[in-house]
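Residue numbers (this note's numbering): 146 to 382.
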Ligand SMILES: Nc1ncnc2c1ncn2[C@@H]1O[C@H](COP(=O)(O)OP(=O)(O)OP(=O)(O)O)[C@@H](O)[C@H]1O
Ligand SMILES: [Mg+2]
C-alpha cells in the first residue's frame, strides 16, 4: 500500500526554485533513501513532507488523503514524524523531557509508555541518561535523542534528515543498524543521507536528487552498482 505520494511538487524560497516538479512515492514498510550533494534540495523535500514548508505547486498524499495544505502538527497526528537535520533537540530540557515533547498532544498513556520502552530498548544510553540535559549529551547521543523523540509520536512514516552527520564511524554504523531495526519493527523510513554507501545498502529503493530534480531511481542495490552514481556519490570511479 502506498503510504506517501509526492505528485509534481515544486518548492520556492522567494524567487529561487529549490524543488522542481518532483514526484515519488513511498510504500508501507519500505526504507527509501534520498541522496544528493549539498544544496540538492534534500532538506527542503523533507520539510515539505513534514509541513514546515509549503509547495508552490503539486500535491502530497498520505494514505491516499491529500495533506498538501495540512499543518505540520496535524501531520504528526496522522503519522508523519521528522528527526530534523542538525538534531534540533531542546538543550535546556532533560532527555526524558525531550522524549515527552515528542509525545506532545497524545493522550493514550499506555501507548506512550510502550513507545518510551521501545525508545529505551533501541537506545539504552537514553535510558541511562534520562535526567541529563539534552544540550550536554554528546553529538551521537543527541542524534539518538532526536530519533527517539521522533518515535514518541508512534509515526507510520519516520523522516530522518542526515542521521549520521558529524558522527564517528562506530556511531554511524550503530545509527544505521538502529534505523534498520526501527523499520523491521514496522515503521516506514524516508532517509536523507550524505553517507550514500550506507544509505543505499540499507534502502529498499532510493532516489538521487540533483539541483531539485530526481535524476536516478531504483533499488538500493541497483544504484550502488550504477557506475555514474559510484563516481559521483560513492567516492570510487
Ligand atoms: N530558507 C532559505 N532561503 C533561501 N534559500 C534556501 C533556504 N533554505 C534552503 N535554500 C536553498 O535551497 C537549496 C536546497 O537546500 P536544501 O537545504 O534543501 O539542500 P540539502 O540537499 O538538504 O543540502 P545539504 O546536504 O547541504 O543539507 C539550496 O540552494 C539552498 O541554498
Ligand atoms: Mg540538508
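Just so you know, even glycine gets a beta-carbon here, dropped at the ideal spot from N, CA and C.
Review point. How is residue 382 classed by DSSP in three states: helix, strand or coil?
Key: As a first step, residue 382 is located in the chain shown; it is residue number 237 there, counting from the start. Low per-residue confidence applies at residue 382: pLDDT is 45, beneath 50, and the placement is therefore not dependable, though the value from the model is reported in the following sentence. Of the three classes helix, strand and coil, the one that applies to residue 382 here is coil, per DSSP.
Check your understanding: Are at least three pairs of beta-carbons, each pair with one atom in the stretch 346-361 and one in the stretch 173-181, less than 8 Å apart?
Key -> yes
Review point. Just how far apart, CA to CA, sit residue 187 and residue 320?
Key: Residue 187 sits at position 42 when you count from the first residue of the chain shown. Residue 320 sits at position 175 when you count from the first residue of the chain shown. C-alpha separation (whole angstroms): 19 Å.
Review point. Among all the DSSP beta bridges, which residues are the ones paired with residue 377?
Key: Against the chain shown, residue 377 aligns to sequence position 232. According to DSSP, which records beta bridges pairwise, residue 377 is partnered with nothing at all.
**Study point:** Member of 297, 380, 169 and 226 whose CA lies at the smallest distance from the CA of residue 253
**Key:** Within the chain shown, residue 253 is the residue found at index 108, counting from 1. Of the candidates 297, 380, 169 and 226, the one whose C-alpha sits nearest the C-alpha of residue 253 is 297.
Point to revise | Segments assigned alpha helix (DSSP H), at least 4 residues, entirely inside the stretch 214-299 | key: 217-223, 240-247, 254-267, 269-273 and 284-296
Point to revise | Option in 295, 270 and 251 with minimal Cα separation from residue 283 | key: If you number the chain shown from 1, residue 283 lands on position 138. Nearest option by C-alpha distance: 270.
Check your understanding: Name the DSSP bridge partner or partners of residue 352?
Key -> As a working mapping, residue 352 is identified with position 207 in the chain shown. Answer by DSSP bridge pairing, in chain order: 179 and 362.
Check your understanding: Does the beta carbon of residue 355 fall short of 8 Å from some heavy atom of ligand 2?
Key -> The sequence position of residue 355 within the chain shown is 210, counting from 1. False, no ligand heavy atom lies under 8 Å from that Cβ.
Point to revise | Residues bridged to residue 150 [DSSP beta-bridge criterion] | key: On the chain shown, residue 150 is found 5 positions in, with the first residue counted as 1. Residue 150 is bridged to 170 and 206.
Practice item. Out of 203, 209, 342 and 161, point me to the one whose CA is closest to residue 375's CA. Key: Within the chain shown, the letter at position 230 stands for residue 375. For the residues 203, 209, 342 and 161, the minimum Cα distance to residue 375 belongs to 342.
Point to revise | For residue 302, the first and last residue of its enclosing alpha helix (DSSP H) | key: Along the chain shown, read from residue 1 onward, the residue named residue 302 stands at position 157. That residue, residue 302, is in no alpha helix (DSSP H); its beta strand (DSSP E) goes 302-306.
**Study point:** ligand 2 heavy atom lying under 8 Å from the CB of residue 193
**Key:** Taking the chain shown and counting its residues from 1, one reaches residue 193 at position 48. Residue 193 Cβ: outside cutoff for every heavy atom of ligand 2.
Practice item. Give me the Cα-Cα distance between residue 151 and residue 380, rounded to the nearest whole angstrom. Key: The residue you call residue 151 lines up with position 6 of the chain shown. The residue you call residue 380 lines up with position 235 of the chain shown. The alpha-carbon atoms of residue 151 and residue 380 are separated by roughly 30 Å.
Practice item. Please classify residue 368: does DSSP put it in a helix, a strand, or coil? Key: On the chain shown, position 223 is the one that residue 368 refers to. If DSSP states are grouped into helix, strand and coil, residue 368 belongs with the helices.
Point to revise | Where residue 323 falls: helix, strand or coil (DSSP) | key: Within the chain shown, the letter at position 178 stands for residue 323. Here residue 323 sits in helix by DSSP.
**Study point:** Where residue 173 falls, given that 16 or more other Cβ within 10 Å makes a residue buried
**Key:** Along the chain shown, one-based indexing puts residue 173 at 28. Its Cβ having fewer than 16 others within 10 Å, residue 173 is exposed.
Exercise for review: Could you tell me which residues DSSP pairs with residue 164 in its beta bridges?
Suggested key: Mapped onto the chain shown, residue 164 falls at position 19. Answer by DSSP bridge pairing, in chain order: 156.
Exercise for review: Kindly give me the distance between the Cβ atoms of residue 334 and residue 303, rounded to whole angstroms, as I take these residues to be in contact under 8 Å.
Suggested key: Taking the chain shown and counting its residues from 1, one reaches residue 334 at position 189. Taking the chain shown and counting its residues from 1, one reaches residue 303 at position 158. The Cβ separation is near 5 Å, so the contact holds.
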